[in-house]
Amino acid sequence: MANSALLADHTTLRVGGRARRFEVAETERDLIDLVTECDEAAEPLLILGGGSNLLISDDGFPGTVVRVALAGLDADVSTCGGAAVRVAAGENWDDVVAYAVEQEWSGLETLSGIPGSVGATPIQNVGAYGSDVSHTITSVRTWDRHDRTQRTFPLTECGFAYRSSRFKREPGRYVVLDVGFQLPLGSLGAPIAYPELAARLGTDVGRRVPAGEVRDAVLAVRRGKGMVLDPADHDTWSAGSFFTNPILTPDEAAALPADAPRFASGQDVKTSAAWLIQHSGFGRGHGGPRAALSGKHVLALTNRGGATAADLVALAREVRDGVEARFGVRLVPEVNLVGVSL
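Under our numbering, the sequence shown has 0 at position 7, and the numbering climbs by one with no breaks.
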């Protein structure tokens, strides 16, 4: 087919076979029409943003892949209310964060350097360094494939949880069109909630510092972990954190070694997937010549050059099974798997 495409060219892991059909939607009308066309024909459909959270099969995708390229940012700014910002789903997330910091709209600065598009952020409830997008999102406007109508969800109906949302729990039903944010005005960022970031900034948890300084510090920390994309650095050829941090019951958490990290998560306890991986014998760089854990951060599975999806799946299984054998905790992928399973 003339508009087939190699999906490895459209993902940050740089793996994935060919899509039977590949389309780019630059307008809402194009996006809705393409989605409706596929649904009416009962054709498999994959919505693609920045490709930063995907592991796609070497066999590719047997239907239509639509890359969302919707563009635009509108803001209503008032001294009392702050900035009410609405951003199209296809905008680059880090570009939006950089623009917000430049405009002195606070609240997004700790989410600097996260790859991907705006439309993907509410699905995964993207977060880092003590902040999630759910802290600033006001609404998410979608195309409902089930009811074939536009539907806007206010914050209270988005069902946000740790790296989850109603959009993730009903996979494939909603296509994000744009996302609304409410951002306070001012040069200071939100209170620092993450100890590592506070230490980097030379301040205390709970204190506020200029958002530009927070962004610079976050980018520096992420680069140090190989979490800022660089085409020349195979250590960044990843999908970011491959596994989520486990949420455990108090009894499950009590069974871990005393020095295992523990963070309150409602009535439960969150621990560190990276700590579990390291203490199960998987160090930085573990793996083979084509697929290996990052040399900077064990949570990232990287394509060292020439890796296949099968290589990365085998590595992910090895790590998951090793952690479960050592600690009785089964790691859950944060990455979306397309045509493959662990």
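Cβ atoms here follow ideal geometry from the backbone N, Cα and C, with glycine treated the same way.
- request: Could you tell me the distance, in whole angstroms, from the CA atom of E16 to the CA atom of Q117?
  value: 23 Å
field: L212 versus L176, A91, P147, V262, residue with shortest Cα-Cα distance
entry: A91
message: Considering only their Cβ atoms, is the gap separating G179 from V94 smaller than 7 Å?
response: no
task: From the DSSP output, in three-state form, read off D261 for me.
output: In this structure, D261 counts as strand in the three-state DSSP scheme.
Extent of the continuous alpha helix (DSSP H) to which D209 belongs: Residues 204 to 217.
query: Apart from the five residues on each side of it in sequence, which residues of its chain come closer than 6 Å, Cβ to Cβ, to D2?
result: Here the set comprises nothing.
field: Distance, V59 Cα to M(-6) Cα
entry: Confidence at M(-6) is low in this model, with a pLDDT of 46, below 50, so its placement is unreliable and the value that follows should be read with caution. Going by the C-alpha atoms only, they are around 15 Å apart.
query: How many angstroms separate the CA atom of A303 from the CA atom of L335?
result: 10 Å
- prompt: Can you list the alpha helix (DSSP H) stretches of 4 or more residues lying completely in the region 131 to 199, in chain order?
  reply: 159 to 162, 188 to 194
message: So if DSSP puts V40 in a beta bridge, which residue, or which two residues, is it bridged to?
response: A small correction: the amino acid at residue 40 is Ile; Val does not occupy that position in the sequence shown. For I40, which the question treats as bridged, DSSP gives the partners V59.
message: Per the DSSP calculation, V331 is bridged to which residue(s)?
response: I49
- request: Give a yes or no on whether the C-beta atoms belonging to T129 and L66 are separated by under 7 Å.
  value: no
- prompt: Thinking C-alpha only, which one of A121, S71, S287, G56 is nearest L27?
  reply: G56
message: Tell me whether the region 62 to 79 and the region 137 to 147 touch, counting them as touching only if at least three CB pairs, one residue from each stretch, are closer than 8 Å.
response: no
message: When you compare the CB positions of P108 and L222, do they come within less than 7 Å of one another, or not?
response: yes
field: Environment of L38 [buried if 16+ CB atoms lie within 10 Å]
entry: buried
- prompt: Taking Cβ positions, are E102 and V207 nearer each other than 7 Å?
  reply: yes
- request: Keeping to the same chain, check which residues put their C-beta closer than 6 Å to that of F54; ignore five residues upstream and five downstream.
  value: A12, L39
message: What does the alpha-carbon distance come out to for the pair G233 and A113?
response: 14 Å
query: Do you know how far the Cα of E19 is from the Cα of T135?
result: 16 Å
field: Coil, strand or helix - I107 by DSSP
entry: coil
message: Less than 6 Å between C-beta atoms, sequence neighbours within five positions excluded: which residues of the same chain meet that for G74?
response: none
field: Residue span of the beta strand (DSSP E) that contains T295, given as start and end
entry: Going by DSSP, T295 is part of the beta strand (DSSP E) stretching over 294 to 296.
- prompt: In this structure, does DSSP put G281 in helix, strand or coil?
  reply: coil
- request: Please confirm whether T295 and D228 have their CB atoms less than 7 Å apart.
  value: Cβ distance < 7 Å, so T295 and D228 count as in contact.
message: Give me the residue from D51, L286, D171, A247 with the minimum Cα distance to T131.
response: D171
C-beta atoms of D51 and T301 nearer than 7 Å: yes
query: With distances taken between CB atoms, is the gap from F174 to V70 smaller than 7 Å?
result: no
query: Rounded to the nearest angstrom, how far is the Cβ of A293 from that of F235, given a contact under 8 Å?
result: At roughly 6 Å, the Cβ-Cβ gap stays under 8 Å, so A293 and F235 are in contact.
- prompt: Does the separation of the CB atoms of G100 and A183 fall below 7 Å?
  reply: yes
field: C-beta atoms of R138 and D23 nearer than 7 Å
entry: no
- prompt: For P326, which of helix, strand or coil comes out of DSSP?
  reply: Reduced to three states, the DSSP call for P326 is strand.
field: Alpha-carbon spacing of Y122 relative to P188, whole angstroms
entry: 8 Å
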